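Single-structure report; data block below.
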Amino acid sequence: MSDQILEIRNLTAYYEVGPNPTRAVDNASLGTIRRGEIFGIAGESACGKTTLALAMLRLLKPPGHIRRGEVIFDGTDLLKLAEEEIRSIRWKRISYVPQSSMNALNPVMRIRNQISDSIEAHESGQSKDELDNRIEKLLMTVGLSREIAGMYPHELSGGMKQRVAIAMATALDPEILIADEPTTALDVIVQRGILQLLGEIRRRMHTIVLITHDMAAQAEISDRVGIMYAGKMMEIGRTEDVFKDPLHPYTRLLISSIPRLKIRTELAWITGLPPDLRNPPLGCRFHPRCPHLMAGKCDVEEPQLAEIKPGRLTACHLHGE
Amino acid sequence: MIVSNPKNLLEVRHLTRVFRMGGFMGKGELVAVDDVSFDVPAERPVILTIAGESGSGKTTTARMILGFVKPTHGEVLYRGKNILNMNNSDWKMYRQEVQAIFQDPYGAFNSMYTVDHVLKVPIEKFNLARTDEDAHQLMSGTLEVVGLRSEEILGKYPHQLSGGQRQRIMLARAFLLRPKIVVADEPVSMLDASMRAGILHLMLDLKKKWDVSFLYITHDLSTAHYISDSIAIMYQGSVVEMGPIDEVIENPLHPYSKLLIESVPIPDPEQRWKEHMDLPTREFRSQTFNGCKFYDRCKFRTDVCKTDRPGLKPNESRFVACHLYHD
Numbered sequence: 015m016s017d018q019i020l021e022i023r024n025l026t027a028y029y030e031v032g033p034n035p036t037r038a039v040d041n042a043s044l045g046t047i048r049r050g051e052i053f054g055i056a057g058e059s060a061c062g063k064t065t066l067a068l069a070m071l072r073l074l075k076p077p078g079h080i081r082r083g084e085v086i087f088d089g090t091d092l093l094k095l096a097e098e099e100i101r102s103i104r105w106k107r108i109s110y111v112p113q114s115s116m117n118a119l120n121p122v123m124r125i126r127n128q129i130s131d132s133i134e135a136h137e138s139g140q141s142k143d144e145l146d147n148r149i150e151k152l153l154m155t156v157g158l159s160r161e162i163a164g165m166y167p168h169e170l171s172g173g174m175k176q177r178v179a180i181a182m183a184t185a186l187d188p189e190i191l192i193a194d195e196p197t198t199a200l201d202v203i204v205q206r207g208i209l210q211l212l213g214e215i216r217r218r219m220h221t222i223v224l225i226t227h228d229m230a231a232q233a234e235i236s237d238r239v240g241i242m243y244a245g246k247m248m249e250i251g252r253t254e255d256v257f258k259d260p261l262h263p264y265t266r267l268l269i270s271s272i273p274r275l276k277i278r279t280e281l282a283w284i285t286g287l288p289p290d291l292r293n294p295p296l297g298c299r300f301h302p303r304c305p306h307l308m309a310g311k312c313d314v315e316e317p318q319l320a321e322i323k324p325g326r327l328t329a330c331h332l333h334g335e
Numbered sequence: 029m030i031v032s033n034p035k036n037l038l039e040v041r042h043l044t045r046v047f048r049m050g051g052f053m054g055k056g057e058l059v060a061v062d063d064v065s066f067d068v069p070a071e072r073p074v075i076l077t078i079a080g081e082s083g084s085g086k087t088t089t090a091r092m093i094l095g096f097v098k099p100t101h102g103e104v105l106y107r108g109k110n111i112l113n114m115n116n117s118d119w120k121m122y123r124q125e126v127q128a129i130f131q132d133p134y135g136a137f138n139s140m141y142t143v144d145h146v147l148k149v150p151i152e153k154f155n156l157a158r159t160d161e162d163a164h165q166l167m168s169g170t171l172e173v174v175g176l177r178s179e180e181i182l183g184k185y186p187h188q189l190s191g192g193q194r195q196r197i198m199l200a201r202a203f204l205l206r207p208k209i210v211v212a213d214e215p216v217s218m219l220d221a222s223m224r225a226g227i228l229h230l231m232l233d234l235k236k237k238w239d240v241s242f243l244y245i246t247h248d249l250s251t252a253h254y255i256s257d258s259i260a261i262m263y264q265g266s267v268v269e270m271g272p273i274d275e276v277i278e279n280p281l282h283p284y285s286k287l288l289i290e291s292v293p294i295p296d297p298e299q300r301w302k303e304h305m306d307l308p309t310r311e312f313r314s315q316t317f318n319g320c321k322f323y324d325r326c327k328f329r330t331d332v333c334k335t336d337r338p339g340l341k342p343n344e345s346r347f348v349a350c351h352l353y354h355d
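Residue numbers (my numbering), protein chains in the order written: chain X, 15 to 335; chain L, 29 to 355.
Encoded structure:
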């Protein structure tokens with residue numbers, strides 16, 4: 015079994031509307047995601063996190079369109095597969111828990127039937143008893159009691175519905191679980207429960223791609239993290255390193271803008287707005303807001319993501335040459 | 029008759045709200061807010077956080093203070109007067125001195141009007157300016173207080189501004205009326221992290237320079253700790269612990285406050301959670317249960333907790349509703 019499971023290179027996905035497409039994900043590389051790790055993708059609203067996830071699985075709907083790039087999973091480029099081939103990989107080998115999936119459960123179907131439908135769509139021919147047994151075990155892995163199977167979604171809290179959604183996504187024992195904002199809109203204590211649950215799923219040798227804007231959640235469970243800004247990958251590294259010694263000015267400002275309970279250090283914030291992705295600035299996309307702007311360089315030449323220390327990548331001219 | 033203390037600007041006394049639940053799902057009552065009391069002092073500005081998770085009753089409490097929801101029991105006193113029995117001039121003063129901002133800085137705007145509209149309405153309603161020239165001056169001056177440049181803001185439509193700018197405009201609208209208290213219900217939870225700190229600092233600034241007190245309603249203890257002086261933690265409609273912010277955050281007494289504070293993730297990979305916490309495998313909430321509302325989840329429960337609901341009682345400099353601290 016190889017250590018590498020997924021590799022993303024130069025992925026570019028635009029929303030083709032009007033004369034200027036929205037360059038939601040532009041030439042983003044994640045490098046290699048390793049088997050059994052939690053790889054975090056962080057960044058603020060509209061930075062392209064979700065588009066990236068959808069593009070990886072070829073779930074992007076028009077006007078979204080993948081312009082180029084490679085998504086290598088187990089030696090094959092997912093972007094080159096025929097539709098039926100990718101369908102046999104999705105859910106079974108790479109599953110996806112979309113944002114607010116807890117609200118996507120069918121309100122008039124018992125939890126048991128929703129889970130069994132999703133299993134049977136991929137693995138048919140099991141007896142009812144086998145399926146029931148499997149569903150009860152599955153619910154136990156996400157910390158829910160077996161009675162939940164007989165309930166309807168409205169009888170469950172948000173956190174319980176989110177656990178059902180995660181249970182469904184892990185039902186077929188996929189190698190990779192992509193979770194998009196799995197803790198957003200949940201209460202603090204429930205968030206902790208969900209993050210710990212993802213930690214347990216990882217220990218069962220699943221790889222997790224954790225997409226969340228919540229840097230505290232990233233700090234809590236991700237092994238490595240990629241920071242996106244305006245459709246570009248700005249920095250990738252081990253989570254400890256990125257938090258301790260952020261290389262990109264955007265990462266540094268982002269981290270110092272988050273309050274820490276029990277420590278009252280002065281918070282920073284970023285002035286200005288993220289760029290309009292229909293017409294992004296030349297050079298580095300962060301340059302109009304960057305405190306370290308080098309005129310004539312950052313506003314002209316786009317910095318490329320490069321490894322500047324072992325295991326640490328950033329796209330910033332401060333670290334160039 | 030409840031005696032008012034002239035040292036207090038706002039007094040919330042035994043505030044209770046019961047919602048009746050009807051319909052085909054069964055009938056019942058939901059005690060959304062259950063005997064909540066606290067004060068906002070008059071002599072100095074404070075930021076008081078009302079913290080709690082969803083369903084804790086924090087927003088219903090705020091809505092009763094603003095007069096949007098009528099309490100089932102209890103009262104809200106402003107400068108010693110019950111807001112529900114105020115005469116016209118007192119009510120007008122209350123509507124001027126107690127302002128509100130809300131979670132969604134997007135929903136608060138009418139997208140058909142330029143943002144000038146949200147500032148002009150209070151100027152007209154409260155006769156704050158005599159001429160158009162005065163009104164414009166007032167708007168620019170107020171925008172400056174909240175850290176915006178009027179030439180970049182006036183004449184724009186809401187969609188042309190960021191969430192942070194829109195929330196600043198909401199604070200400008202409130203500030204136009206020179207409020208004594210601003211009820212801020214999750215004012216930063218929809219903003220990106222990099223913009224949040226700016227709004228929090230603006231609140232601190234308004235408190236320090238302009239003597240504005242805030243009732244900060246939030247689920248987020250990290251931002252609460254950053255800006256508040258004191259905190260009341262709510263659980264299922266009741267205040268379980270209340271006191272100076274540093275004491276409560278650094279040394280919580282109530283088992284729910286402990287669990288809540290322990291569960292806040294620290295944005296530092298070197299301070300990860302050490303202890304494993306299990307979520308309940310099913311949920312339990314019964315309005316007919318007479319014991320402590322936290323009984324089913326409490327690690328420290330005893331027999332008395334099952335039969336007696338603990339009231340909020342003083343414990344040195346704070347208040348706590350837990351039998352562990354009651355004799």
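Every residue gets a Cβ at the ideal spot worked out from N, C-alpha and C, and that includes glycine.
Predicted model only: the values in this text are computed from it and were never measured.
Collapsing the DSSP output to three states places Val85 (chain X) in a strand. The Cβ neighbour count for Ser84 (chain L), taken over all protein chains shown within 10 Å, is at least 16; the residue is labelled buried.
The residue from L:Ala225, L:Leu340, L:Asn318, L:Pro342 with its alpha-carbon nearest to that of Asp331 (chain L) is L:Asn318. Distance check between Tyr166 (chain X) and each of X:Leu71, X:Arg266, X:Met116 places X:Met116 closest, using alpha-carbon atoms only. Listed in chain order, the beta strand (DSSP E) elements of length 3 or more contained wholly in the segment 30-87 of chain L are 36-49, 56-69, 75-79.
Interface with chain L (7 Å Cβ-Cβ cutoff): Arg274 (chain X) is included. Within the segment 274-286 of chain L, those residues whose Cβ lies closer than 8 Å to any Cβ of chain X are, in chain order, Ile277, Glu278.
Between Ala231 (chain X) and Ser109 (chain X), the C-beta gap is not smaller than 7 Å, which leaves the two residues out of contact. In the DSSP assignment, the residues bridged to Leu224 (chain X) are X:Gly54, X:Ala193. Gly251 (chain X) and Cys330 (chain X) have their C-alpha atoms spaced approximately 14 Å apart. Where Asn24 (chain X) is concerned, the enclosing beta strand (DSSP E) starts and stops at 18-29.
Ile261 (chain L) has L:Ala79, L:Glu269 as its beta-bridge partners, per DSSP.
When C-beta distances to chain L are compared with 7 Å, the residues of the segment 51-74 of chain X below that value are Glu58, Ser59, in chain order. Just measuring C-alpha positions, the residue of X:Glu134, X:Leu71, X:Ile47, X:Ile133 sitting nearest Glu99 (chain X) is X:Leu71. Under the criterion of beta carbons closer than 8 Å, Ile181 (chain L) and Val126 (chain L) do not qualify as touching, at roughly 25 Å. Rounded to whole angstroms, the gap between the alpha carbons of Trp105 (chain X) and Val97 (chain L) is 47 Å.
Judged by DSSP in its simplified three-state form, His136 (chain X) adopts coil rather than helix or strand. Runs of the beta strand (DSSP E) lying entirely within the segment 70-135 of chain X and spanning at least 3 residues, in chain order: 78-87, 108-111.
Between Val267 (chain L) and chain X, the shortest Cβ-Cβ separation is not below 7 Å. Taking a Cβ-Cβ threshold of 7 Å, the residues of chain L close to Val202 (chain X) are Glu81, His247, Leu288, Ser291, Val292, in chain order. For Gln210 (chain X), the chain L residues whose Cβ falls inside 9 Å of its Cβ are Trp301, His304, Met305, Asp306, Leu307, in order along the chain.
Of all residues in the segment 43-75 of chain L, none is placed with a Cβ closer than 8 Å to any Cβ belonging to chain X. Counted as a single uninterrupted DSSP element, the stretch harbouring Gly157 (chain X) is not any alpha helix (DSSP H), since DSSP gives it neither H nor E. Counting only runs of at least 3 residues, the segment 178-215 of chain L fully encloses the following beta strand (DSSP E) elements, listed from N- to C-terminal order: 209-213. Below 8 Å, too few C-beta pairs join the segment 212-226 of chain X and the segment 126-134 of chain X to call them touching: fewer than three.
Closer than 7 Å to the CB of Trp105 (chain X) there is not a single CB belonging to chain L. When C-beta atoms of the segment 38-46 of chain X are compared with those of the segment 19-28 of chain X, three or more pairs fall below 8 Å, so the two segments count as touching. By the Cβ test, the segment 285-302 of chain X is in contact with the segment 232-250 of chain X, since at least three Cβ pairs between them sit closer than 8 Å.
Taking the Cα positions, Gly56 (chain L) is about 6 Å away from Arg48 (chain L).
Remark: C-beta atoms of Ala60 (chain L) and Thr87 (chain L) do not approach each other more closely than 7 Å. Less than 7 Å separates the beta-carbon of Asp194 (chain X) from that of Pro112 (chain X).
C-alpha of Leu68 (chain X) to C-alpha of Ile47 (chain X): approximately 17 Å in a straight line.
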